[in-house]
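Taking it in order: structure first as C-alpha cells, then the write-up.
Number of protein chains: 2
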Amino acid sequence: MLLERDLIQSVGFRNVREGDRVTGFQFRLRMPSYRGMAASLIDGVAVLVGDLVDVPADVPLWTLGGQTLTLDGLWQSEGLRWQLEDAAVVTVPFEGGLPQGVHEVSIELRLRMSYVPEEHQPSVYRVSKHVTLTPEGGAGTFQYGVSLYSFMGDFGTVLDLETALAAVADVGATGVEILGEGHVANYPEPSTAWRDEWFRLLEKYSLQPTNYGSWIDTRLHSSGPHARPMTAEEGAATLQRDLRLAKDLGFRFVRPKIGVVSGDLVPDPIWTESVERSLDLAHELDVIICPEIHSPTPIHHPVVDDYIDLIRRTGTKHFGLLIDTGIFQDRPIPLGPGETRETRPAFLDGIGVDPADFADVAEYVVFVQAKFHDIDENLDDKQIPWRPVLQALKNAGYTGYLSSEYEGVREPWRSIEQVRRQHSLIRSITDTLD
Amino acid sequence: MLLERDLIQSVGFRNVREGDRVTGFQFRLRMPSYRGMAASLIDGVAVLVGDLVDVPADVPLWTLGGQTLTLDGLWQSEGLRWQLEDAAVVTVPFEGGLPQGVHEVSIELRLRMSYVPEEHQPSVYRVSKHVTLTPEGGAGTFQYGVSLYSFMGDFGTVLDLETALAAVADVGATGVEILGEGHVANYPEPSTAWRDEWFRLLEKYSLQPTNYGSWIDTRLHSSGPHARPMTAEEGAATLQRDLRLAKDLGFRFVRPKIGVVSGDLVPDPIWTESVERSLDLAHELDVIICPEIHSPTPIHHPVVDDYIDLIRRTGTKHFGLLIDTGIFQDRPIPLGPGETRETRPAFLDGIGVDPADFADVAEYVVFVQAKFHDIDENLDDKQIPWRPVLQALKNAGYTGYLSSEYEGVREPWRSIEQVRRQHSLIRSITDTLD
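If you read the sequences in order, they're chains A and B.
In this text, residue positions in the first sequence follow the numbering used here: the first is 1, and each later residue adds one.
In this text, residue positions in the second sequence follow the numbering used here: the first is 1, and each later residue adds one.
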C-alpha cells in the first residue's frame, strides 16, 4: 500500500454513522515527519471545513492501529504508534455529517519533537486541500465502477494494485475494469501468486470484475523486411487468449480494441471473422465481447451498423456494444503545450453526439465507459454534459455499469480526486433524473 | 517495484562492459502508453546524449524479459513483450562509454498503435532528462552508503522498500542506513514476513546494513494532565529496544537521537545513564551507539566533550561519534516560501565548521552521514564544501562510510537523482585527493 503525497488523503474522506445516525466525518492523514512516532507525541489536530466546521485541536478522535482514542487518550497511551506507513484516521463529530461533494479541508496538526528546542515546539503543520466526500446516492438506477485506465501514469509509479483497488472501492464503486495488457503483471501469463492476490484484493475491497480491455494488434508485424498483415486466424487467437484470461480473472465483458484502416476508425476487415470464430468460446465462457464506440465514431455510423448486423445475423448473446461517453463531449479539451486547434485531431473539440441517439442502439449496449477529462471543485464537468447523457441512459432502460475512465491531465495523484468528483457528480445527478 | 515518473529512469543509467572493455551505455525506459505491448510494435528509439552521442532509432539494442535484441530482432519476435510494469533496457554501443557525471539524455521513441489511423503513426515520444551515470571511482578510501532518510516524502508514496533499495544499490553503494521508526513496517515489531523480505532484498542488491537511526523521546509524556518527564530507566529501555531490533536486522551502528533541553541542542541529562546502562548490551550485541554531531552543534562543543568523556571514563568500544556533514555547510539553504532570514533558525545559513577540526575527534568517529541539500547538473554542491571535507576525513585516517543524507527540496523523485549526483561528486573528488 502507498499513501497519497498530500498529508490529507482523498481516499477515506467520508461521513460516519452510528446505527441510522450520521454523527460526523473522517479523513486519513499521512505522517508529515520523516519517521513514525508514539501516539503520545501527538498534540492534536484542529480541523476547518469550509464555513461548516471549525473545531479546535482537542476535539477530533484518532484511530491508530485499530484503536480509536481522544487526544487525552493518546497522551496516556503506551506503545500505540502512528506508523510512517499508515495513515491516521481523524474523526470529527458533526451531527448529520457533511453534504455530498467537494470540500476545502484545512488542518493544523501539532506534533512534539523531543529533539527540537522547546521554543520551537510543538511542530505545527498547516495544509488545506479540496477533497471529495465518498459519494453516496444514485443507487438502483445504474451500477458504478472504475476502470484502472483512469490511473494511467499513476499506476506503477504512485499506485500499486492494492492502493488502486482501495481507491476504487472508496468511491463506493462495486465494479472494477482493467486492461489485460496493463494491469495483469506478466500478461498474458500471470503467476499463481498474482492471481491469488487479485482475488484476495477483490474480496477485501468488495469489488466485482466488470470489463477487461484487450487489443487485436493488426499491425503486430507491419514493420521491417518481414512485414505482413495479421490474418483473421491470428486475430481470433488473440481475442480467444484474452477471453480465457478475462474469464479466469472473473470478468464478464471483454472489449477488444481492433486495429483500424481509416481516419474515422473503420476496423480492419479481419475483425468480423476474428469475432465470429470466437463466439462459441465466448458462449462457453459466458463472456460478452463488446467493441467500444469511441469518439470520433458516433452512434449512427456504418461501423456500429456492422456490429449490430453481426448480432442480428448470428443471434449471439455474447457480442454487444460498449459506449464510451466521450462521444457526447460537447466542449473542447483545452489545448496542450504547443498544441493548436489546427494541428490536433478535430474530434478533441468534441463530436457532440446527441444523447438521445443512445435509444436507437440501447438494446445492444452491454457496458458504458464513463469517459471524462476535467471536473472542477464545484463538480462542473468541462467537457461531458452528464445530465442529458444520464437521462438518455435511464430513459433507454440502461441499468448496467458506468465505469469511470478519467482521461485528463496526467499529474501524479490527480486521477484519484477526479474519479471521486465524477462519482459524486453522476450520483447526485442520477438521484434527480426524471 | 515502482518506476520513476519520467520515461527515462535515473536508476539503471550506466556504462556497460564486455570483459575489460567499456563498450557502451544503457538506461531504462518506462512504457509511455497506458498499456504494455508486444515487442514487435516497437519502431526503435533514437538517442542523443549532449554532443557526445547521436544514434538513429535502429541502433540501440533492447532488453525485454531478459532477452537482448536488435530492432530487427524485435520485429521478428513472437510473444516477447514490453510489460507496463517493467522498464525496457536500452543499450547504446559507444566504445569507451560515457564520462562520469550528469548527462542530458534525449530520446525519440516510436511505437505502433494499431488502433490509431495510419496518418498519425508511428506514435512518437520525445523527452529529455538530466541523468547521472552510475558513479564509479573512489574505491579504497571510504565506503559509500545511502540513508533511506534521503527519500523522505518519497518513501511510502513513490518508493516502496525494494524500489528504494534498488536505487541505493544502483549508485554503487554497498551500505544502507535506515530509521527504525520509519522504514521498519510495524516498528518495533516487524512481522516475520517483513524481516525475511528485508534480508532477501539485502542479498538481492548486495547491500550491508550500516547505521540504524533511533530516538529517545524524552518528551514522550510531556503533554496533558498526566505529564511527566522520562526517567533514565525508560530512556535505557528505549535505547535497548532499538539496539536489539537493529542487531536483529543486521546493523552495526545505532544512532539514538536524544531529546534536548536547550536551544543549542544540549541533550537531556538522562542521556548519560540511559547510555551507560546500555553499554553491556551493546557489547554483547557488538553494536556501537553513536549520537550524531549535528548542526548547530559544532565539533568543539561541551556536548561533544561529554560524549568523549563517557568513552574515556568507561573505556567502551561501543560508543562513538557520528558526524553529520551538515556542520561543514558554509553557504545558506535557500529561503523557503514565506521564510525570512530573520525568522528561521540561523544555523540554516550554515555554521561553517572548519573541516580541519575533524582531526581533533577523529579517533572517536565511527560513522559519517553525508548530509547535503542541492547539487546542480554540473555537480556543484550549493552548501557543502566537499573537497576540504573529504580531504580532512582522509587526512584524519577515516575509512568508514559516507552515508548520503539528502535533505533538500522534497519534490517527488528528486531525491533519487540528487543522491546519484552526490555519489558522483564525492567519488570523483576522492579520486583526486592528496
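Cβ coordinates follow ideal geometry from the N, Cα and C atoms, glycine included.
Since the model is a prediction, treat every value here as computed from it, not as a measurement.
Apply the 10 Å Cβ neighbour rule to residue i and answer buried if 16 or more other Cβ atoms are within range, or exposed otherwise.
| i | result |
| --- | --- |
| Met230(A) | buried |
| Ser424(B) | buried |
| Ala346(B) | exposed |
| Lys257(A) | buried |
| Arg35(A) | buried |
| Ser415(B) | buried |
| Lys247(A) | buried |
| Thr432(A) | exposed |
| Gly96(A) | exposed |
| Pro337(A) | exposed |
| Ala166(A) | buried |
| Ala227(A) | exposed |
| Leu52(B) | exposed |
| Glu177(B) | buried |
| Arg28(A) | buried |
Assuming the contact rule is C-beta atoms closer than 8 Å, residue i and residue j should be a hit. Round their C-beta distance to whole Å, please.
| i | j | result |
| --- | --- | --- |
| Asp324(A) | Gln369(A) | 5 Å |
| Val304(A) | Val353(A) | The pair is not a contact, with the Cβ atoms about 11 Å apart (cut-off 8 Å). |
| Met1(B) | Glu181(A) | That pair is no contact at about 18 Å. |
| Pro60(B) | Val92(B) | 5 Å |
| Trp82(B) | Leu64(B) | 5 Å |
| Thr210(B) | Phe151(B) | Rounded, the Cβ-Cβ distance is 16 Å, inconsistent with contact. |
| Asp264(A) | Pro296(A) | 6 Å |
| Val127(B) | Gln26(B) | Incorrect: roughly 17 Å between the Cβ atoms, too far for contact. |
| Trp75(A) | Ser40(A) | 5 Å |
| Gly153(A) | Arg410(A) | 4 Å |
| Thr132(B) | Arg421(B) | 5 Å |
Under a three-way DSSP split, which group does residue i fall into?
| i | result |
| --- | --- |
| Pro291(A) | coil |
| Asp305(B) | helix |
| Arg21(A) | strand |
| Ile416(B) | helix |
| Lys371(A) | strand |
| Gln208(A) | strand |
| Ala193(B) | helix |
| Asp268(A) | coil |
| Leu98(A) | coil |
| Arg81(A) | strand |
| Gly470(A) | What the structure shows of chain A is the stretch from 1 to 434, and residue 470(A) is not part of that stretch, so it cannot be assessed. |
| Val168(B) | helix |
| Gln442(A) | Lying outside 1 to 434, the shown extent of chain A, residue 442(A) is not represented and no answer is given. |
| His130(B) | strand |
| Leu297(B) | Checking the displayed sequence, the identity of residue 297(B) turns out to be Thr instead of Leu. In the structure shown, Thr297(B) sits in coil (DSSP, three-state: anything other than H, G, I, E or B). |
| Tyr149(A) | helix |
| Gln422(A) | helix |
| His435(A) | As displayed, chain A neither begins before 1 nor continues past 434, which places residue 435(A) out of reach and without an answer. |
| Tyr125(A) | strand |
| Lys382(B) | coil |
| Gln240(B) | helix |
Taking the alpha carbon of residue i as the reference point, which residue from the options has its own alpha carbon closest?
| i | options | result |
| --- | --- | --- |
| Val275(A) | Asp264(A), Val304(A), Phe319(A) and Asp305(A) | Phe319(A) |
| Lys371(B) | Leu390(B), Gly137(B), Val90(B) and Leu265(B) | Leu390(B) |
| Arg200(A) | Gly235(A), Glu162(A) and His226(A) | Glu162(A) |
| Asp380(A) | Val102(A), Phe13(A) and Gln76(A) | Val102(A) |
| Tyr115(B) | Asp268(A), Gly336(A) and Val366(A) | Asp268(A) |
| Pro135(B) | Ser128(B), Val127(B) and Gly145(B) | Gly145(B) |
| Arg112(A) | Leu220(B), Trp271(B), Tyr364(B) and Glu342(B) | Leu220(B) |
| Gln100(A) | Phe142(A), His294(A) and Asn378(A) | Asn378(A) |
| Ile375(B) | Glu407(B), Gly350(B) and Val366(B) | Glu407(B) |
| Leu322(A) | Ile311(A), Arg331(A) and Cys290(A) | Cys290(A) |
| Ala88(A) | Ala356(A), Leu3(A), Asp196(A) and Ala166(A) | Leu3(A) |
| Asp217(A) | Glu234(A), Glu203(A), Leu207(A) and Ser206(A) | Glu234(A) |
Review point. When you check each C-beta in the region 155 to 168 of chain B against every C-beta of chain A, which residues fall closer than 8 Å?
Key: From the region 155 to 168 of chain B, only Phe155, Gly156, Thr157, Val158 and Asp160 have a Cβ closer than 8 Å to chain A.
Exercise for review: Check distances from the C-beta atoms of the region 185 to 203 of chain A to those of chain B and list, in chain order, the residues that come in under 8 Å.
Suggested key: Of all residues in the region 185 to 203 of chain A, the ones placed with a Cβ closer than 8 Å to any Cβ belonging to chain B are Ala185, Asn186 and Tyr187, in chain order.
**Study point:** Residues within the region 32 to 59 of chain B neighbouring chain A, beta-carbon criterion of under 8 Å
**Key:** Going along the region 32 to 59 of chain B in chain order, one finds Tyr34, Arg35, Gly36, Met37, Ala38, Ser40, Leu41 and Asp43 with a Cβ nearer than 8 Å to chain A.
**Study point:** Where the region 215 to 236 of chain A meets chain B: residues whose CB sits under 9 Å from a CB there
**Key:** Contact annotation: in the region 215 to 236 of chain A, residues whose CB is within less than 9 Å of a CB in chain B are Trp215, Ile216, Asp217, Thr218, Arg219, Leu220, His221, Ser222, Ser223, Gly224, Pro225, His226, Ala227 and Met230.
Point to revise | Contact set between the region 119 to 150 of chain A and chain B, restricted to residues whose Cβ is under 7 Å from the partner | key: Result list: Glu119 and Tyr149.
Point to revise | Proximal residues, the region 83 to 94 of chain A versus chain B, C-beta separation under 7 Å | key: Residues Gln83, Leu84 and Glu85.
Exercise for review: Anything in the region 334 to 367 of chain A with a Cβ closer than 8 Å to a Cβ of chain B? List those residues in chain order, please.
Suggested key: Within the region 334 to 367 of chain A, the residues whose Cβ lies closer than 8 Å to some Cβ of chain B are Pro345, listed in chain order.
**Study point:** Proximal residues, the region 243 to 261 of chain B versus chain A, C-beta separation under 9 Å
**Key:** If you check each beta-carbon in the region 243 to 261 of chain B against every beta-carbon of chain A, the ones closer than 9 Å belong to Lys257, Ile258, Gly259, Val260 and Val261.
**Study point:** Under 8 Å (Cβ pairs) to chain A, residues found in the region 367 to 394 of chain B
**Key:** When CB distances to chain A are screened at a threshold of 8 Å, not a single residue of the region 367 to 394 of chain B falls below it.
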